[in-house]
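All remarks here apply to the structure that follows.
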Amino acid sequence: MAVLNEEQTMLRDMAREWADNEAPVSAFRKVRNAAPAEGYDAAAWRAMAEMGWAGIVVPEEHGGSAFGYLSLGMVLEQLGRNLTASPLASTAAAAAAIALGTSDAAKSDWLPKIAAGEVIATLAIDEGPVHDPANIATTVSGGTLTGTKAFVAEGDSAQLFVVSAQDGLYLVSGDQGVTRAPRKMADSRSHAQVSFAGAAAEKLGGPELTQQVIDLATAALAAEMLGMAEQAFAVTNDYLKQRVQFGQQLSTFQALQHRMAKMFTELELMRSAVEGALEAIDAKRSDVDQAVSLAKAVASDTLHLVSREMVQLHGGIGMTDEHDAGLYLKRARVLETMWGNAAFHRERFARLNGY
Amino acid sequence: MASAAELDAPTSPIDTFRAEVRQWLAEHFPPSLKHKDNAMSAVDGPTELSAEELAWKEAVASKGWGVPSWPAQYGGAGLDKAQVRVLNEEMGRIGAWNPIGGMGVMMFGPTLLEYGTEAQKSEHIPAIANGTVRWCQGYSEPGAGSDLASLQMFAEDKGDHYLVNGQKTWTSGGQWADKCFALVRTDKTKKHEGISFLLIDMDAEGVEVKPIRLISGSSPFCETFFTNVKVPKENLVGREGEGWTIGKRLLQHERSSLSGGGSARLFAGKPIGALAKEYRGEDDKGRVPDQDLRMRIVRHEMDSRAFALTLRRAALEAKSNQGPSAATSIMKNVGARITQDRAELGIEIMGMNGLGWEGEGFSADEIAQTRTWLWGKAVSIYGGSTEIQNNVIAKRILGMLDHQ
Numbered sequence: 001m002a003v004l005n006e007e008q009t010m011l012r013d014m015a016r017e018w019a020d021n022e023a024p025v026s027a028f029r030k031v032r033n034a035a036p037a038e039g040y041d042a043a044a045w046r047a048m049a050e051m052g053w054a055g056i057v058v059p060e061e062h063g064g065s066a067f068g069y070l071s072l073g074m075v076l077e078q079l080g081r082n083l084t085a086s087p088l089a090s091t092a093a094a095a096a097a098i099a100l101g102t103s104d105a106a107k108s109d110w111l112p113k114i115a116a117g118e119v120i121a122t123l124a125i126d127e128g129p130v131h132d133p134a135n136i137a138t139t140v141s142g143g144t145l146t147g148t149k150a151f152v153a154e155g156d157s158a159q160l161f162v163v164s165a166q167d168g169l170y171l172v173s174g175d176q177g178v179t180r181a182p183r184k185m186a187d188s189r190s191h192a193q194v195s196f197a198g199a200a201a202e203k204l205g206g207p208e209l210t211q212q213v214i215d216l217a218t219a220a221l222a223a224e225m226l227g228m229a230e231q232a233f234a235v236t237n238d239y240l241k242q243r244v245q246f247g248q249q250l251s252t253f254q255a256l257q258h259r260m261a262k263m264f265t266e267l268e269l270m271r272s273a274v275e276g277a278l279e280a281i282d283a284k285r286s287d288v289d290q291a292v293s294l295a296k297a298v299a300s301d302t303l304h305l306v307s308r309e310m311v312q313l314h315g316g317i318g319m320t321d322e323h324d325a326g327l328y329l330k331r332a333r334v335l336e337t338m339w340g341n342a343a344f345h346r347e348r349f350a351r352l353n354g355y
Numbered sequence: 001m002a003s004a005a006e007l008d009a010p011t012s013p014i015d016t017f018r019a020e021v022r023q024w025l026a027e028h029f030p031p032s033l034k035h036k037d038n039a040m041s042a043v044d045g046p047t048e049l050s051a052e053e054l055a056w057k058e059a060v061a062s063k064g065w066g067v068p069s070w071p072a073q074y075g076g077a078g079l080d081k082a083q084v085r086v087l088n089e090e091m092g093r094i095g096a097w098n099p100i101g102g103m104g105v106m107m108f109g110p111t112l113l114e115y116g117t118e119a120q121k122s123e124h125i126p127a128i129a130n131g132t133v134r135w136c137q138g139y140s141e142p143g144a145g146s147d148l149a150s151l152q153m154f155a156e157d158k159g160d161h162y163l164v165n166g167q168k169t170w171t172s173g174g175q176w177a178d179k180c181f182a183l184v185r186t187d188k189t190k191k192h193e194g195i196s197f198l199l200i201d202m203d204a205e206g207v208e209v210k211p212i213r214l215i216s217g218s219s220p221f222c223e224t225f226f227t228n229v230k231v232p233k234e235n236l237v238g239r240e241g242e243g244w245t246i247g248k249r250l251l252q253h254e255r256s257s258l259s260g261g262g263s264a265r266l267f268a269g270k271p272i273g274a275l276a277k278e279y280r281g282e283d284d285k286g287r288v289p290d291q292d293l294r295m296r297i298v299r300h301e302m303d304s305r306a307f308a309l310t311l312r313r314a315a316l317e318a319k320s321n322q323g324p325s326a327a328t329s330i331m332k333n334v335g336a337r338i339t340q341d342r343a344e345l346g347i348e349i350m351g352m353n354g355l356g357w358e359g360e361g362f363s364a365d366e367i368a369q370t371r372t373w374l375w376g377k378a379v380s381i382y383g384g385s386t387e388i389q390n391n392v393i394a395k396r397i398l399g400m401l402d403h404q
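Chains as they are written, first to last, in full-length UniProt numbering: chain A, 1 to 355; chain B, 1 to 404.
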């Protein structure tokens, strides 16, 4: 665990306590079964906003706390542990885009509302099923934006979109010229195809801003993945101590012990890589791009390993809908794919390192 | 690097200390020795020191800075953690290196400081601190490797001395050592409780050392035979039967030095991606042309970057009193994996040139690559094999139980 200051320690402890008491996995299961259009529990989101989480990366002059990305990551990690459905990651990424952008009007119009949890915002970048930020067909002319974005997280409920076009990043608000088509996916969370047909758009910045914002969103996502992987591993470790076969706890079998030791090893590396990326962002280091690709590649590989082993080591019970293993497995693959899978980030890392 | 707070307060004690260190190093470290420490001396044996190297070694020893955190009364410098950090930073800044090392410094010294009598400490610690006495480790035996506690070498109580008979193996640097710290059996009726920790002179009558030639061609390890060797009673460390406890404590020092301490070397040398471009050229996009190789290079580089971040995190966690980091338990295995992956990639990149053994047709780097690759296979075996480390993680960290 990264070394935290007092504010960060309080924030993390509060998030952990809240997630365990108010948003256990059973709460996510309820949301999944009720299937509200927005894909999350509105009351839980209000509670998060009251605790100030929606404003963690919003500057203080716009009503946020500006606690930074390590702080945001620690909250998302706690939510990830319990698969809590919330628009926090998407909204924070969009808030970051506005805060880093050049439009003062956008900042004063939207950031206070985001920080108060009154507005759900999200990023709309990719136009196909595989992350490919270099291939964008969306264009802007005369202040209106036209294009279709695929698999927009929280796309069912977002009132505010940060949209990538060929010449940079734009802000689109409201429903004028915006059409949403839900995409029901394995993780039971909100993803939608969002089409913009001449929607009014305000420019936030050029393509460098687009990439910077994707990196911030990716690091935050990796933190959610860290929480998921830690919890999937802990649940599996507990199960091996309970399940008895051949008159022995499964946890006494060395073949399983070494698989768990291997996973533990990868998890420690994952934590370092994820926290390293968040710290690099907070420190405004020049190699944030490399740190983020490292974090996302390691996070994807490790969560992949832990989530499939979670099912395998639980045996038949892990295959049932009643057990949580499947929920972790399904969410894991969605997050692995989002903002570039491990292969994407290895390729990028190689390029950034000149080979 | 100095923290902002340190720089803001030029008169703070730590800053004064930094200034002293800087000045002393400027006066005593010859720039010609920059980065010239012999990293392979543990494998290839000690080399004859030049006059300059000898002067540097004696200068460091006189300050106690070879073992800066050890008490000054035994030849250390009694520095606190912050001062040791400053010393290391200042040395690193100018490419200076610590000329005092070996098993005495890394493992035996810290253990003896904890368990030794006053007489034992006064006799042995100063000679380690000034680098004049070389120690070797008598732990493994032909029948006691991973199951170390099954060791058989027997020390028979003869009143005023022990009579030692048996064999040790994998004695690192045995042929160059002056003394040996050994685990011996003083009671054949108990397993762990029958083990004692004994100090043996390597030039005592009945001690015979035979170097073991490894696949890499080097002989860093020996077989050591003990036949009717008389060892004075005062060479027993701790009580009879306490050897296993003391020996395990020493292994903790060994593991921390094998992973954390030795880690700087892992990240030294040319980046493997640059090596690949040097040997394999690049395609029209500036990439290593063999895509399969290239992706394995990235995986390795990412692994090693994540490991570097983990070493840093563990150090910061330990410093901030979060207690010892659970991350330390993975260091040995990950360090071994990265060392070996890097060596395997190195020879693959070089093709046949990466398998040169000696003589014409190969650069010195290529021969070194071959030898490093082969020697590196030891890393996942010594100091607790990868499998033993996995047992330790499963049992101590994850709370998994022994099979009944």
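Heads up, the beta-carbon is just placed ideally off N, CA and C, and yes, glycines get one too.
Work out the CA separation of residue j and residue i for me, nearest whole Å.
i        : j        : result
Lys277/B : Val298/A : 25 Å
Glu7/A   : Glu348/B : 49 Å
Ser216/B : Asp80/B  : 40 Å
Gly101/B : Ser146/B : 26 Å
Ala19/B  : Ser173/A : 59 Å
Ser48/A  : Ala54/A  : Here residue 48/A is Met; the residue named in the question, Ser, does not match the sequence. If I take the Cα positions, the gap works out to 7 Å.
Phe354/A : Leu275/B : Sequence inspection shows Gly at residue 354/A; the Phe mentioned does not correspond to that position. About 12 Å.
Leu72/A  : Trp70/B  : 42 Å
Ala350/A : Trp244/B : 48 Å
Val3/A   : Asp20/A  : 23 Å
Val213/A : Arg313/B : 26 Å
Asp290/B : Met350/B : 13 Å
Leu199/B : Leu112/B : 11 Å
Tyr139/B : Pro24/A  : 50 Å
Val119/A : Thr337/A : 26 Å
Gly142/A : Val162/A : 18 Å
Ala93/A  : Tyr69/A  : 10 Å
Phe197/B : Leu401/B : 29 Å
Could you tell me how far apart the beta carbons of residue i and residue j are, in whole angstroms, since I believe they sit closer than 8 Å?
i        : j        : result
Glu193/B : Gln167/B : Their Cβ separation, rounded to whole angstroms, is 22 Å, which puts Glu193/B and Gln167/B out of contact at 8 Å.
Ala192/A : Gly155/A : 3 Å
Gly78/B  : Val105/B : Contact flag wrong, Cβ pair sits at about 16 Å.
Gln83/B  : Ile128/B : In fact, because the Cβ distance is near 20 Å, the residues do not count as touching under 8 Å.
Leu345/B : His300/B : 6 Å
Ile195/B : Ala149/B : 7 Å
Taking 6 Å as the cut-off, is the beta-carbon of residue i closer than that to any non-hydrogen atom of the ligand FMN?
i        : result
Val209/B : This structure does not include the ligand FMN; it has no bound ligands of any sort.
Considering only the beta carbon of each residue, do residue i and residue j sit closer than 7 Å?
i        : j        : result
Ala222/A : Lys284/A : no
Tyr328/A : Ala232/A : yes
Phe196/A : Thr146/A : yes
Ala199/A : Val178/A : yes
Ala394/B : Gln257/A : yes
Leu398/B : Met260/A : yes
Trp110/A : Ile125/A : no
Would you kindly report the start and end of the unbroken alpha helix (DSSP H) that includes residue i?
i        : result
Tyr139/B : It is not in any alpha helix (DSSP H) - Tyr139/B carries neither H nor E in the DSSP assignment.
Trp18/A  : Glu6 to Glu22
Gln312/A : Val288 to His314
Tyr170/A : Looking at the DSSP string, Tyr170/A is not in any alpha helix (DSSP H); the run it does join, the beta strand (DSSP E), is Gly168 to Ser173.
Asn228/B : Premise fails: Asn228/B lies in the beta strand (DSSP E), Phe221 to Pro232, not in any alpha helix (DSSP H).
Arg29/A  : Val25 to Ala34
Along the chain, where does the beta strand (DSSP E) that runs through residue i open and close?
i             : result
Ile200/B      : Ile195 to Asp201
Gly205/A      : Glu202 to Gly205
Phe151/A      : Thr144 to Ala153
Val207/B      : Val207 to Ile212
residue 406/B : Because chain B in this structure spans residues 1 to 404, residue 406/B falls outside the shown range and cannot be described.
Glu325/B      : Note on residue identity: the sequence assigns Ser, not Glu, to residue 325/B. Neither: Ser325/B is in no beta strand (DSSP E) and is coded neither H nor E.
Asp157/B      : Phe154 to Asp157
Residues of the stretch 304-320 of chain A with Cβ closer than 9 Å to any Cβ of chain B, in chain order | none
Taking a cut of 9 Å between CB atoms, which residues from the stretch 269-292 of chain B lie near chain A?
-> Pro271, Ile272, Gly273, Ala274, Ala276, Lys277, Glu282, Lys285, Gly286, Arg287 and Val288
Quick one: which residues of the stretch 305-325 of chain B get their C-beta closer than 9 Å to a C-beta of chain A? List them in chain order.
-> Contacts with chain A (Cβ-Cβ distance below 9 Å) from the stretch 305-325 of chain B involve Arg305, Ala306, Phe307, Ala308, Leu309, Thr310, Leu311, Arg312, Arg313, Ala314, Leu316, Glu317, Lys319, Ser320, Gln322 and Ser325, listed in chain order.
Using a Cβ-Cβ cut-off of less than 8 Å, list which residues of the UniProt domain "Acyl-CoA oxidase/dehydrogenase middle" (136-229) of chain B approach chain A; keep chain order.
-> none
Anything in the stretch 337-351 of chain B with a Cβ closer than 7 Å to a Cβ of chain A? List those residues in chain order, please.
-> Those residues of the stretch 337-351 of chain B placed with their C-beta closer than 7 Å to a C-beta in chain A do not exist.
Just by C-beta distance, which residues in the stretch 71-92 of chain A are closer than 9 Å to chain B?
-> none
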